[in-house]
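Visitor: So the sequence shown is numbered by my numbering: it starts at 5 and just counts up by one. Below is a structure I'd like to ask you about.
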Amino acid sequence: MELPKKEEKKLGLKLFQEVKISEGVLLLNAVLTVEKGLPRSHEEKGWEILTDAIIQWINDNLKGVVFILWGKYAQKKGRFINKSSHLVLSGMHPSPLSAYRGFFGCKHFSKANQYLRENNKQEIDWCYLPLE
5 MELPKKEEKK
15 LGLKLFQEVK
25 ISEGVLLLNA
35 VLTVEKGLPR
45 SHEEKGWEIL
55 TDAIIQWIND
65 NLKGVVFILW
75 GKYAQKKGRF
85 INKSSHLVLS
95 GMHPSPLSAY
105 RGFFGCKHFS
115 KANQYLRENN
125 KQEIDWCYLP
135 LE
């Protein structure tokens, strides 16, 4: 999907496109579309096949990847991940309903960087926001 530059800036997509992808971060939801105001409305529409295949490919072809699985639905994707080859961090979904029940304070970003450092990989600058 192509968005006008004004919308890219408003949504902060430069952060994702220019920084995080170049640093090796892929943000992936299990289901890639949803009807407005209807969470999980596009489950079982086929997206799961695609996202499962992406995770399986990363697992099979890359080494030392950090997978951060937030929420029960995402944690089900952990079945595709070889935990002896990758780091899997699981926790509460960062939604307003559950963020205070374990998401805040989980230190997943610090743990991810520690793992990357210990495996001689580049740490992620999780705070860099190049929106200009």
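We put the beta carbon where it would ideally sit given N, CA and C, even for glycine.
Give every residue of the same chain whose Cβ lies closer than 7 Å to the Cβ of residue 62, excluding the five residues on either side of it in the sequence, and list them in chain order.
Guide: 69
Visitor: Could you tell me whether the Cβ atoms of residue 72 and residue 93 are closer together than 7 Å?
Guide: yes
Visitor: Distance check for residue 110 and residue 74, CA to CA, integer angstroms please.
Guide: 11 Å
Visitor: So the beta strand (DSSP E) residue 130 belongs to, where does it begin and stop?
Guide: No beta strand (DSSP E) holds residue 130; DSSP gives it neither H nor E.
Visitor: On the DSSP bridge assignment, give the partners of residue 39 in chain order.
Guide: 42
Visitor: Residue 50: buried (16+ other C-beta within 10 angstroms of its C-beta) or exposed?
Guide: exposed
Visitor: Can you give the Cα-Cα distance for residue 41 and residue 81, rounded to whole angstroms?
Guide: 24 Å
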